[in-house]
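Participant: Here you go, one structure.
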Amino acid sequence: MTEEVTALSAGIFAHASRMLRPYDPARADALLARARAAWTYLARTADVKAARTRFMYPALQLYLATGETGYHTLFKASAQAIVAGTGAWPEQYLPGNSSASAQTAHFSSYLPAARQAGRRVPGGSAQGARPPLRR
């Protein structure tokens, strides 16, 4: 299995865990355990602190599923570099450009959570500049 598939799987398992938790807590726990196992493997075999889209999505979903700040820190660092910053091709967020590796789905789950917590989220201004994420 590739690093990218493992990272995506970790994110999908954590995301599914969050969605199922109100209806089937036991299944949600099992999915979260799979997400953690995939992330643990990634942490041993890859540089998960690198600003890479493939790590941004699972870090976000694990943060939202667990509330653990380590995942939040990793997500914010990647989002700052890739979404709010300019990134380096293909690790860029270019809305509408499906060739760029960062897509809205990689961080859209964060927007409602951040707004609910009163944090400012990245967005464009009239000039197209993106404000930095708060830390």
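Note that my numbering has the sequence shown beginning at -10, numbered continuously upward. A virtual CB, placed ideally from N, CA and C, is assigned to each residue, including glycine. Being a predicted model, the structure only gives us computed values, none of them experimental.
Alpha carbon to alpha carbon, how far is Ala(-4) from Tyr60?
Facilitator: Stepping through the sequence shown from its first residue, residue -4 is reached at position 7. Stepping through the sequence shown from its first residue, residue 60 is reached at position 71. Answer to the nearest angstrom: the Cα atoms are 13 angstroms apart.
Participant: Select from Val72, Ala3 and Ala27 the residue whose C-alpha is nearest the C-alpha of Leu20.
Facilitator: Position 31 of the sequence shown, counting from 1, holds the residue named residue 20. Minimum Cα distance to Leu20 is reached at Ala3.
Participant: Enumerate, from N- to C-terminal direction, the unbroken alpha helix (DSSP H) stretches of 4 or more residues contained entirely within the segment 17 to 80.
Facilitator: Qualifying alpha helix (DSSP H) stretches, in chain order: 42 to 55 and 58 to 68.
Participant: With DSSP run on the structure shown, which of helix, strand or coil describes Ser98?
Facilitator: As a first step, residue 98 must be located in the sequence shown, where it is residue number 109. Ser98: coil per DSSP, three-state reduction.
Participant: With Thr(-5) as the anchor, note down where its alpha helix (DSSP H) starts and where it stops.
Facilitator: As a working note, residue -5 is residue 6 in the sequence shown. Per DSSP, Thr(-5) belongs to the alpha helix (DSSP H) from Glu(-8) to Leu9.
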